[in-house]
């Protein structure tokens, strides 16, 4: 049985459904979305853990890295597995 995705993982997949994005843009999107969900409270630790969450999603086959820059700066796209994942957030 597949493990349940966390809210943050679901938000990353939701953000990538529009097309590939770099890690920095994804972090901003997720931070803003979490702030909205939490009623205006800044989500503590959300940006600090962002790369770990992206690494988990890549390891589990939900996203792929499609480009890398020399000092970080990866661009991600969603895989078919990610497209098919249940990401109901509401």
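Numbering (my numbering), first residue to last: 10 to 99. Just so you know, even glycine gets a beta-carbon here, dropped at the ideal spot from N, CA and C.
_Can you tell me whether residue 49 is helix, strand or coil according to DSSP?_
Within the chain shown, residue 49 is the residue found at index 40, counting from 1. It is coil, neither helix nor strand.
*Check the C-beta distance from residue 67 over to residue 74 and give it rounded, since I have them as a contact under 8 Å.*
The count along the chain shown starts at 1 and reaches residue 67 at position 58. The count along the chain shown starts at 1 and reaches residue 74 at position 65. Contact flag correct, Cβ pair sits at about 6 Å.
*Bridge-paired residues (DSSP) for residue 74*: The residue you call residue 74 lines up with position 65 of the chain shown. DSSP lists 85 as partners of residue 74.
*When burial is assigned at 16 or more other CB atoms within 10 Å of the CB, is residue 49 buried or exposed?*
If you number the chain shown from 1, residue 49 lands on position 40. Burial call: exposed.
*Just how far apart, CA to CA, sit residue 61 and residue 77?*
If you number the chain shown from 1, residue 61 lands on position 52. If you number the chain shown from 1, residue 77 lands on position 68. So the alpha carbons of these two residues sit roughly 16 Å apart.
*Cα separation between residue 33 and residue 39?*
For this step, residue 33 is matched to residue 24 along the chain shown. For this step, residue 39 is matched to residue 30 along the chain shown. Whole-angstrom Cα-Cα distance: 10 Å.
*asked:* Pop quiz: residue 85 and residue 16 are said to be a contact at Cβ under 8 Å. What is the actual Cβ separation, rounded to whole angstroms?
replied: Reading the chain shown from its first residue, position 76 is the one you call residue 85. Reading the chain shown from its first residue, position 7 is the one you call residue 16. In fact, because the Cβ distance is near 18 Å, the residues do not count as touching under 8 Å.
_Please identify the residue among 98, 91, 97 whose C-alpha is closest to the C-alpha of residue 26._
Translated into the one-based positions of the chain shown, residue 26 becomes position 17. It is 91 whose Cα lies nearest to the Cα of residue 26.
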